[in-house]
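S.K.: Under numbering that gives the first Met the number 0, the sequence shown has 260 at position 261, and the numbering climbs by one with no breaks. Backbone N, C-alpha and C fix where the C-beta goes; we use that ideal spot for every residue, glycine too. My questions will all concern the structure given below.
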Amino acid sequence: MGLIEKQMNYHHTYHAGNFADVVKHIILIELLTYLKNKPTPFCYIDTHAGSAYHDLFSEFAVKNKEYLNGIEKIIQQEQPPAYIKRYLDCIHQINSQLAHTNYSSLRYYPGSSMIAHYFMRPQDRIIACEHNPPVYQSLKLAWINYKQVSIHHMDGYLALKAFTPPREQRGLVLIDPSFEHPDEFKHIALALPSVFKRWRNAMVMIWYPIKEKFQVERFHRTIRQLIKQPILVNELSIFPDLHQHLNGCGIIVINPPWKLDQSLNKIYSWLWKTLSINHQGQYRSYLLK
Ligand SMILES: C[S@@+](CC[C@H](N)C(=O)[O-])C[C@H]1O[C@@H](n2cnc3c(N)ncnc32)[C@H](O)[C@@H]1O
0 MGLIEKQMNY HHTYHAGNFA DVVKHIILIE LLTYLKNKPT PFCYIDTHAG SAYHDLFSEF
60 AVKNKEYLNG IEKIIQQEQP PAYIKRYLDC IHQINSQLAH TNYSSLRYYP GSSMIAHYFM
120 RPQDRIIACE HNPPVYQSLK LAWINYKQVS IHHMDGYLAL KAFTPPREQR GLVLIDPSFE
180 HPDEFKHIAL ALPSVFKRWR NAMVMIWYPI KEKFQVERFH RTIRQLIKQP ILVNELSIFP
240 DLHQHLNGCG IIVINPPWKL DQSLNKIYSW LWKTLSINHQ GQYRSYLLK
């Protein structure tokens with residue numbers, strides 16, 4: 000199978016609501032909450048947006064039921080802290096809107112654009128890009144009546160060039176590729192310098208899988224050499240290192256808001272306790288030197 004075919008075959012619904020999705024979306028909400036501390040508008044740019052939402056009863060999602068080790072575990076927690084409760088409220092509200100069901104049932108898992116939209120104010124906007132034609136079509140359809148959301152069928156890295164800086168001059172970029180491409184880490188790193196050249200204060204969130212330690216270390220070294228902005232690294236694994244599959248996931252925040260490290264420490268500590276399999280794995284947060 001060729002690389003392009005492989006990328007087109009990627010179906011995020013297999014992974015929807017898994018532990019890595021949960022971590023990503025909870026941190027995304029935390030960053031959007033920081034942006035909402037000021038009344039001035041912001042722009043959220045989603046370079047690899049995926050679908051607006053995923054059906055957890057579909058053949059893709061039920062194949063491995065990855066959501067059982069993710070959103071299902073979070074939902075079962077009694078009296079979750081405020082930063083989890085606002086995420087769960089979002090998931091439940093979206094479910095009740097999509098399925099017209101009662102508040103507590105879980106059938107759909109929203110994608111990043113839908114979660115971001117839930118937390119936005121009337122003055123904010125979303126630019127979302129998706130490369131895969133059928134996924135783009137469904138995303139476009141889902142947002143067709145929403146003036147605040149513009150959907151683009153384009154390469155996410157080209158979108159970074161085309162849409163930064165946004166006119167608001169404040170906002171968040173989420174870079175969340177499918178990592179089907181062996182050079183994905185390199186593509187991300189090489190896309191960053193020109194973004195910060197045009198938009199020095201951009202807050203950028205990058206999600207990455209933790210499978211091979213050397214790849215991640217090389218990625219960290221490369222971005223540290225390429226840009227001078229502060230870089231906060233957050234990593235969580237739920238299995239021991241060297242597990243054959245996805246051990247964990249990392250989230251890098253470039254230009255993190257003041258005291259983000261403290262709030263993320265609390266969030267990660269709770270997430271690790273809740274999501275780790277038999278207390279395996281670990282979490283850590285640190286500024287990249
Ligand atoms: C991990 S998924 C996105 C998940 C989504 N951000 C979320 O949190 O719900 C990655 C998406 O990027 C798309 N994609 C792959 N290569 C791309 C590219 N070069 N530009 C834009 N989208 C791409 C894939 O089709 C897939 O839908």
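#1: Starting from the C-beta of Tyr82, find all residues in its chain whose C-beta is less than 6 Å away, skip the five residues before and the five after it, and write them out in chain order.
#2: According to the Cβ coordinates, are Gln279 and Phe238 closer than 8 Å?
#3: Taking 8 Å as the threshold (C-beta atoms), are Ala161 and Val148 in contact?
#4: Is any heavy atom in ligand 1 found nearer than 7 Å to the beta carbon of Tyr9?
#5: Taking 7 Å as the line, does the beta carbon of Ser137 fall inside it for any heavy atom of ligand 1?
#6: So, are the CB atoms of Val329 and Leu235 less than 8 Å apart?
#7: Quick check: does the Cβ of Ala37 come within less than 7 Å of any heavy atom belonging to ligand 1?
#8: Rounding to the nearest angstrom, what Cα-Cα distance links Lys272 and Phe56 in this structure?
#9: Look at the alpha carbon of Ile3 and the alpha carbon of Val203, and state the distance between them as a whole number of angstroms.
#10: To the nearest angstrom, report how far apart His10 and Phe59 are at their CA atoms.
#11: Ligand 1 and His293: does the residue's C-beta get closer than 7 Å to at least one heavy atom of that ligand?
#12: Taking the alpha helix (DSSP H) that Gln169 falls in, what are its first and last residues?
#13: So is Ile276 buried or exposed if we call it buried at 16+ other beta carbons inside 10 Å?
#14: Below 8 Å CB to CB, which residues in the same chain sit around Gly1 once its five sequence neighbours on both sides are set aside?
#15: Does the beta-carbon of Gly247, which I'm using as the reference point, lie nearer than 7 Å to any heavy atom of ligand 1?
#16: Quick check on DSSP: helix, strand or coil for Arg124?
#17: Note the first and the last residue of the continuous alpha helix (DSSP H) segment covering Ser290.
#18: Which residue spans inside the segment 241-277 form an unbroken beta strand (DSSP E) run of at least 3?
#19: Got a sec: does ligand 1 put a non-hydrogen atom nearer than 7 Å to the Cβ of Pro80?
#20: Less than 7 Å between the CB of Tyr156 and some heavy atom of ligand 1, yes or no?
#21: So the alpha helix (DSSP H) Arg223 belongs to, where does it begin and stop?
#22: Alpha carbon to alpha carbon, what distance is there between Leu173 and Pro192?
#23: Go ahead and pull the three-state DSSP assignment for His91.
#24: What are the boundary residues of the beta strand (DSSP E) that Ile230 is part of?
M.R.: Well, looking at it:
#1: Along the sequence shown, one-based indexing puts residue 82 at 83. Correct list, in chain order: Ile266.
#2: Working through the sequence shown from its first residue, we reach residue 279 at position 280. Working through the sequence shown from its first residue, we reach residue 238 at position 239. For Gln279 and Phe238, yes; Cβs fall inside 8 Å.
#3: For the purposes of this step, residue 148 is taken as the residue at position 149 of the sequence shown. For the purposes of this step, residue 161 is taken as the residue at position 162 of the sequence shown. Not closer than 8 Å, so no.
#4: Taking the first residue of the sequence shown as position 1, residue 9 is located at position 10. At least one heavy atom of ligand 1 is nearer than 7 Å to the Cβ of Tyr9, so yes.
#5: Sequence index remark: in the sequence shown, residue 137 carries index 138 (1-based). Every heavy atom of ligand 1 is 7 Å or more from the Cβ of Ser137, so no.
#6: The structure shown does not extend to residue 329, since the chain is modelled only from 0 to 288, so the question has no answer here.
#7: Looking up residue 37 in the sequence shown gives position 38. Checking the sequence shown, residue 37 turns out to be Lys, not Ala. Every heavy atom of ligand 1 is 7 Å or more from the Cβ of Lys37, so no.
#8: In the sequence shown, the residue the question calls residue 272 occupies position 273. In the sequence shown, the residue the question calls residue 56 occupies position 57. Approximately 27 Å, taken between the alpha carbons.
#9: On the sequence shown, position 4 is the one that residue 3 refers to. On the sequence shown, position 204 is the one that residue 203 refers to. Low per-residue confidence applies at Ile3: pLDDT is 48, beneath 50, and the placement is therefore not dependable, though the value from the model is reported in the following sentence. Distance between the alpha carbons of Ile3 and Val203: 26 Å.
#10: Position 11 of the sequence shown, counted from the first residue, corresponds to residue 10. Position 60 of the sequence shown, counted from the first residue, corresponds to residue 59. Roughly 8 Å separates the two Cα atoms.
#11: Examination of residue 293 is not possible in this model, given that the chain is present from 0 through 288 alone.
#12: Taking the sequence shown and counting its residues from 1, the one referred to as residue 169 is at position 170. This sequence places Arg at residue 169; Gln is not what is there. Per DSSP, Arg169 belongs to no alpha helix (DSSP H) and is neither H nor E.
#13: By one-based count along the sequence shown, residue 276 stands at place 277. The residue is exposed, with fewer than 16 neighbouring Cβ atoms inside 10 Å.
#14: By one-based count along the sequence shown, residue 1 stands at place 2. With a pLDDT of 48 at Gly1, under the threshold of 50, the predicted position of this residue should be treated as unreliable, and no value is reported.
#15: For the purposes of this step, residue 247 is taken as the residue at position 248 of the sequence shown. False, no ligand heavy atom lies under 7 Å from that Cβ.
#16: By 1-based counting over the sequence shown, the position of residue 124 is 125. Strand, per DSSP.
#17: One cannot answer for residue 290 here, as it falls past the ends of the chain, which runs 0 to 288.
#18: Unbroken beta strand (DSSP E) stretches of 3 residues or longer found wholly inside the segment 241-277: 247-253, given in chain order.
#19: Start at 1 with the first residue of the sequence shown, and residue 80 comes out as number 81. Pro80 Cβ: outside cutoff for every heavy atom of ligand 1.
#20: Walking along the sequence shown from the start, residue 156 turns up at place 157. Yes, the Cβ of Tyr156 comes within 7 Å of a heavy atom of ligand 1.
#21: In the sequence shown, residue 223 corresponds to position 224, counting from 1. Here the alpha helix (DSSP H) through Arg223 covers 212-225.
#22: Locating residue 192 in the sequence shown gives position 193, where the first residue counts as 1. Locating residue 173 in the sequence shown gives position 174, where the first residue counts as 1. Pro192 and Leu173 have their C-alpha atoms roughly 16 Å apart.
#23: What you label residue 91 is simply residue 92 of the sequence shown in a count that begins at 1. Helix, per DSSP.
#24: The residue labelled residue 230 in the question sits at position 231 within the sequence shown. Start and end: 230-236.
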